[in-house]
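Before any comments, here is the structure.
Protein chains: 4
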Amino acid sequence: MSKTLADVRYELALASRILANEGVLDAFGHVSLRHPADPGRYLLPRSRSPQLVEPSDILEYTLDSEPVGRSTDKLFAERVIHGCIYEARPDVMAVCHHHAAAVLPFCIASMQLVPVFHLGAAVGETIPFWDQRDEFGDTNLLVVKPEEGRSLARALSSHAAVLMTHHGATVVGKDVRELVSRAIYMCQNAQYQLAAHLLGKVAPLSSGETRQAGSINSMPNVIGRTWEYWTMRLDDAGRLPPHGASTSDRARLRTKATPARGRRTRR
Amino acid sequence: MSKTLADVRYELALASRILANEGVLDAFGHVSLRHPADPGRYLLPRSRSPQLVEPSDILEYTLDSEPVGRSTDKLFAERVIHGCIYEARPDVMAVCHHHAAAVLPFCIASMQLVPVFHLGAAVGETIPFWDQRDEFGDTNLLVVKPEEGRSLARALSSHAAVLMTHHGATVVGKDVRELVSRAIYMCQNAQYQLAAHLLGKVAPLSSGETRQAGSINSMPNVIGRTWEYWTMRLDDAGRLPPHGASTSDRARLRTKATPARGRRTRR
Amino acid sequence: MSKTLADVRYELALASRILANEGVLDAFGHVSLRHPADPGRYLLPRSRSPQLVEPSDILEYTLDSEPVGRSTDKLFAERVIHGCIYEARPDVMAVCHHHAAAVLPFCIASMQLVPVFHLGAAVGETIPFWDQRDEFGDTNLLVVKPEEGRSLARALSSHAAVLMTHHGATVVGKDVRELVSRAIYMCQNAQYQLAAHLLGKVAPLSSGETRQAGSINSMPNVIGRTWEYWTMRLDDAGRLPPHGASTSDRARLRTKATPARGRRTRR
Amino acid sequence: MSKTLADVRYELALASRILANEGVLDAFGHVSLRHPADPGRYLLPRSRSPQLVEPSDILEYTLDSEPVGRSTDKLFAERVIHGCIYEARPDVMAVCHHHAAAVLPFCIASMQLVPVFHLGAAVGETIPFWDQRDEFGDTNLLVVKPEEGRSLARALSSHAAVLMTHHGATVVGKDVRELVSRAIYMCQNAQYQLAAHLLGKVAPLSSGETRQAGSINSMPNVIGRTWEYWTMRLDDAGRLPPHGASTSDRARLRTKATPARGRRTRR
Chain A
797 MSKTLADVRY ELALASRILA NEGVLDAFGH VSLRHPADPG RYLLPRSRSP QLVEPSDILE
857 YTLDSEPVGR STDKLFAERV IHGCIYEARP DVMAVCHHHA AAVLPFCIAS MQLVPVFHLG
917 AAVGETIPFW DQRDEFGDTN LLVVKPEEGR SLARALSSHA AVLMTHHGAT VVGKDVRELV
977 SRAIYMCQNA QYQLAAHLLG KVAPLSSGET RQAGSINSMP NVIGRTWEYW TMRLDDAGRL
1037 PPHGASTSDR ARLRTKATPA RGRRTRR
Chain B
797 MSKTLADVRY ELALASRILA NEGVLDAFGH VSLRHPADPG RYLLPRSRSP QLVEPSDILE
857 YTLDSEPVGR STDKLFAERV IHGCIYEARP DVMAVCHHHA AAVLPFCIAS MQLVPVFHLG
917 AAVGETIPFW DQRDEFGDTN LLVVKPEEGR SLARALSSHA AVLMTHHGAT VVGKDVRELV
977 SRAIYMCQNA QYQLAAHLLG KVAPLSSGET RQAGSINSMP NVIGRTWEYW TMRLDDAGRL
1037 PPHGASTSDR ARLRTKATPA RGRRTRR
Chain C
797 MSKTLADVRY ELALASRILA NEGVLDAFGH VSLRHPADPG RYLLPRSRSP QLVEPSDILE
857 YTLDSEPVGR STDKLFAERV IHGCIYEARP DVMAVCHHHA AAVLPFCIAS MQLVPVFHLG
917 AAVGETIPFW DQRDEFGDTN LLVVKPEEGR SLARALSSHA AVLMTHHGAT VVGKDVRELV
977 SRAIYMCQNA QYQLAAHLLG KVAPLSSGET RQAGSINSMP NVIGRTWEYW TMRLDDAGRL
1037 PPHGASTSDR ARLRTKATPA RGRRTRR
Chain D
797 MSKTLADVRY ELALASRILA NEGVLDAFGH VSLRHPADPG RYLLPRSRSP QLVEPSDILE
857 YTLDSEPVGR STDKLFAERV IHGCIYEARP DVMAVCHHHA AAVLPFCIAS MQLVPVFHLG
917 AAVGETIPFW DQRDEFGDTN LLVVKPEEGR SLARALSSHA AVLMTHHGAT VVGKDVRELV
977 SRAIYMCQNA QYQLAAHLLG KVAPLSSGET RQAGSINSMP NVIGRTWEYW TMRLDDAGRL
1037 PPHGASTSDR ARLRTKATPA RGRRTRR
């Protein structure tokens, strides 16, 4: 049985809040999903901090990043990032743009981010750089024009992520759970690479290891475990999304995220 | 409709607590606002840690930093920082003095802080240094005499912030929300610059990028989003200011800060 | 009076959650205990994040890492780590495999971890490295085949821990409390060693100091204090394991972990 | 009116918990006070983690570190640190021994800790080192023999603190509040010095600045503010000590620590 649109909206709000709770997103950054029934559209919240996103905040866009149905909501200035990547990459079903503290130093020092541990292999062997200045000169660094979004998508090419000089990163996935895992472990990878750089010489995984370990995060065994863990942590923070979907939908979606039975009611 | 004085007091207590909750202020540091009706006066709490400030703690001062109406409260020793800057800078409506962990290393190593990402551009292209020792010799480093405050204001000049050697920083804004954003992103900028320095060579934004990106934090779209986010985090910490203003005032002021509907009552 | 199996299951769930709460384990990693009545078997949870493990999640395995009694649960892919070490090391009663942030940089830069403070001496004078690639070429870095587990056990040899290149660490103990202490202080030792490396030259403990200080963590005085402390912190996080054991068992087991009498009911 | 012994016990439990809550103490470390009525005795808790200490845990010792009245409690192995310092330093009224993460790197790399910001001046211009190995050869690094305690006290000499190689630090004060401030700001100073070292060249305060700024933490204005702040943070963590003193005593002691009126009951 395929997911209803209400399921997908709930899952997007959950992903948005998980990524904020794990330190990938903060006041800024956004996550989108390609529309489950129409590959020519995508779902993205109205302009709001990701830890506050509710299912009812989620709007529908065409791939040229125009809202479907006239909206009076404030929209993310950088939504072309999503539209242009869905346009260029039919395999991509989920996109996250962020300014995580873990990756910013790499975007400032222009240091290559390389896979340094098995879970970090999710980012692939190469993460390209994109410097808006190269093609557009001095800007305010926001990606707001369609040609800026298309330039970024070209730099991303067939990779899993792209680093944006002086700005942040954009990560893609074949579904929302792969995206969330990849974004989180890319940040951990960056932290470990920086610390290893301070200790001595950074030795990356080999090409073969990167290819083989790159799919660990997609193993059903692993996906179930990480999703339960991140949902538990979000629940502990009192930040699960409100119920925009019907009760039965939610019960089904949250099967894997039941809090431990021994969980205390206070914290 | 202009804000009432009660609104402004509430907003100052909120700003003070947000800056403490985000790690800019701790046991020390203080925020002030120019009096909304009288440019020759300013509002500053009595001597108290910023995360505890209540609207009723807020006193009124003349620009020579004398309290208006005889006060039996303990006052901040360093209030001349505020008075002297309001005197010297008619464009400044809000001032924050702090010892944030993120900037102290720059104040100790005398390393120039430069904008390294788009949101960090809020601090401008140059942040001057001020070393109290240069003009006043050995002191306890507190800025307590009018001539010390005036010297600091001269060093600040027309900039957005000044680093104080072995001491901390003072940041200014054209309103309370610009000040809060600038102080928070200046700290993030410092953290990223230090980490990038460890990774390799720090490349700052160009002058044109700094000028253009410097106003992102003032975009209405962005101000609304960040203010809601920081207020949500303060609320999660159980630290919203008590109600010094009337109920209707508060309802109006907090419109943008309504907690997510799905918010759990426990945490 | 020897512990019942229910006691041991509860203690394993508690250890698992303490190690997660102290930052040794996260979404991944696992702890096992040798079966208290049958040295040819061991106890390990079903595949689940360690902070969520309940006594009822704990399964029994033979030393060739086959579950005892057919199980429909998802199992940890890397359970051979446990079986092969219990096989090779009759003195080992408890095993923890983890990817702690503190040790990963050493696994990436291949920097020797050495005891640098008295509590860190619990890891012993030498921690060997094991690189799966040396014997097995390109893999996904997971230790899933019996021959991989046996190779790791050979590298561990008679030591207290082994660092796994690009992957993490495996730590052993003569009982669950020694294991928990050792795993936690090994991580602290790694953090201090990295920071000391940044400050200047790292001077390790002498051999004699390492030998003598290595048993501090096993002093009854110390074990009681640390166990009470970590349990208090887990309780503060609302994460004590649910009651899988009978009430009287639990009362007995938690004697040392009574929350402070003045503890507030909210947090 | 002088404090009752019950007041002093409560204040010691509070100090112990504040230092744990601020990251100076953890599972280990201890704080003591000289007996308010008898300079030949001191007060120190039974062996327990500092965040759990209650007024009723506090025992009385002679200066040769023997408990007054036969005790069945477990005692701190390192209590001679306290007795020997009270013996050697009549001016000292409070002692803290700790292994804080911030100072350990200096104890490992033997890097001189120097005052680098105004509040850090509380530690004075020079902090001596003591390496137990110099006089006693290989030990387990615990300070348990009277001659070890006396050797440490000689190294401390007339200073405010001493760094213990591969072990931690011991800090003294002329009263409990000076001690708490000094221990906390010594740790902040260490963190800033390490970060400044990474950025460039560390410039310490001048001798004159250190002398003048060294008393900021003792200004009544400042003591009131910091004590209220740390108590508020401890209260937020749900960790205020239980009521061992009478109600009126407590009301008097906590005057400065009333939680903000707007404080929410949940957190």
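Chains as they are written, first to last, in the numbering used here: chain A, 797 to 1063; chain B, 797 to 1063; chain C, 797 to 1063; chain D, 797 to 1063.
Glycine included, every Cβ here is placed at the ideal spot set by N, Cα and C.
On a predicted model such as this, the values are computed, not experimentally measured, just so you know.
Whole-angstrom C-beta distance between residue j and residue i, which should lie under 8 Å
| i | j | result |
| --- | --- | --- |
| B:LEU815 | B:CYS903 | Wrong, their Cβ atoms sit about 18 Å apart, outside the cutoff. |
| C:TYR981 | C:VAL912 | With a Cβ gap of about 11 Å, C:TYR981 and C:VAL912 do not count as contacting. |
| A:ARG842 | A:LYS870 | 6 Å |
| B:ALA979 | B:VAL820 | 5 Å |
| C:VAL972 | C:GLU807 | 6 Å |
| A:VAL958 | A:ALA965 | 7 Å |
| C:LEU1001 | C:ALA1009 | 7 Å |
| C:ILE923 | C:HIS895 | Going by Cβ atoms, the distance from C:ILE923 to C:HIS895 rounds to 16 Å, so no, they are not a contact pair. |
| D:HIS993 | C:LEU995 | 6 Å |
Cβ shell of residue i (< 8 Å), same chain only, five flanking positions each side left out
| i | result |
| --- | --- |
| D:SER934 | Reading off the sequence shown, one finds Asp at residue 934 of chain D, where the question assumed Ser. Excluding positions up to five away in sequence, the list is empty. |
| C:VAL888 | ARG830, ILE881, TYR882, VAL968, GLY969 and LYS970 |
| B:VAL940 | ALA873, GLU874 and VAL876 |
| D:ALA1041 | Low confidence applies here, because D:ALA1041 scores a pLDDT of 45, under 50, leaving its location unreliable and the question unanswered by this model. |
Close Cβ partners of residue i (< 7 Å) along its chain, the five nearest in sequence each way excluded
| i | result |
| --- | --- |
| A:ARG813 | PRO846, GLN847, VAL849, LEU1030, ARG1035 and PRO1037 |
| A:ALA986 | ALA898, VAL899, PHE902 and LEU909 |
| B:LEU946 | Note that residue 946 of chain B is Arg in the sequence shown here, rather than Leu. Here the set comprises CYS880. |
| C:ARG1062 | Note on C:ARG1062: pLDDT 35, under 50, position unreliable in the model; the coordinate value appears next. Excluding sequence neighbours, C:ARG1062 sits near nothing in its chain. |
| A:VAL864 | ARG837, GLU856, TYR857 and THR858 |
| B:HIS826 | LEU840, PRO841, PRO846, PHE872 and HIS893 |
| A:LEU740 | There is no way to answer for residue 740 of chain A, as the model of chain A reaches only from 797 to 1063. |
| A:SER867 | LEU855 |
| A:ALA905 | none |
Other residues of its chain near residue i: CB distance less than 6 Å, five sequence neighbours each side excluded
| i | result |
| --- | --- |
| B:LEU801 | none |
| A:THR1006 | PRO911, ALA917 and GLU921 |
| C:SER861 | ARG875, VAL876 and GLY879 |
| C:GLU818 | ILE980 |
| A:SER1044 | Because A:SER1044 sits at a pLDDT of 43, beneath the cut-off of 50, its placement in the model cannot be relied upon, and the following sentence gives the value as read from the coordinates. Closer than 6 Å at Cβ, skipping near neighbours: no residue. |
Neighbour flag for residue i against chain G, beta carbons, 8 Å
| i | result |
| --- | --- |
| A:THR1027 | Among the protein chains of the structure shown, namely A, B, C and D, there is no chain G. |
Please name the residues in the region 901-913 of chain B whose beta-carbon is closer than 9 Å to at least one beta-carbon of chain D, in chain order. Listed by position, the residues of the region 901-913 of chain B near chain D (Cβ gap below 9 Å) are PRO901, PHE902, CYS903, ILE904, ALA905, SER906 and MET907.
At a Cβ cut of 7 Å, what residues of the region 850-874 of chain D count as close to chain C, listed as they run along the chain? Cβ contacts with chain C: GLU850, LYS870 and ALA873.
Using a Cβ-Cβ cut-off of less than 7 Å, give me the residues of the region 993-1017 of chain D that come near chain B, in sequence order. Answer in chain order: LEU994, LEU995, GLY996, LYS997, VAL998, ALA999, LEU1001, SER1002, GLY1004, GLU1005, GLN1008, ALA1009, ILE1012 and ASN1017.
When the Cβ atoms of the region 1015-1029 of chain D are set against those of the region 1007-1025 of chain B, are three or more pairs found closer than 8 Å? no
Please name the residues in the region 951-982 of chain D whose beta-carbon is closer than 8 Å to at least one beta-carbon of chain B, in chain order. none
Let me know the beta strand (DSSP E) ranges lying completely inside the region 951-1010 of chain B, each 3 residues or longer, listed in chain order. 957-960 and 964-969
What are the residues in the region 829-846 of chain A lying within 7 Å of chain B by C-beta distance? SER843, ARG844 and SER845
Would you list, in chain order, the members of the region 888-902 of chain C that have their beta-carbon closer than 7 Å to a beta-carbon of chain D? none
Against chain A, which members of the region 917-948 of chain C pass a CB distance test of less than 8 Å? ARG929, GLY933, ASP934, THR935, ASN936, LEU937 and LEU938
Along the region 799-814 of chain B, where does the CB come closer than 7 Å to a CB of chain D? Name the residues. If the cut-off is 7 Å between Cβ atoms, the region 799-814 of chain B has nothing near chain D.
For the region 1030-1041 of chain D, which residues have a beta carbon sitting closer than 9 Å to at least one beta carbon of chain C? ASP1031, ASP1032, ALA1033, GLY1034, ARG1035, LEU1036, PRO1037, PRO1038, HIS1039 and GLY1040
Unbroken alpha helix (DSSP H) runs of length 4 or more, entirely within the region 864-913 of chain D: which are they? 876-884 and 900-905
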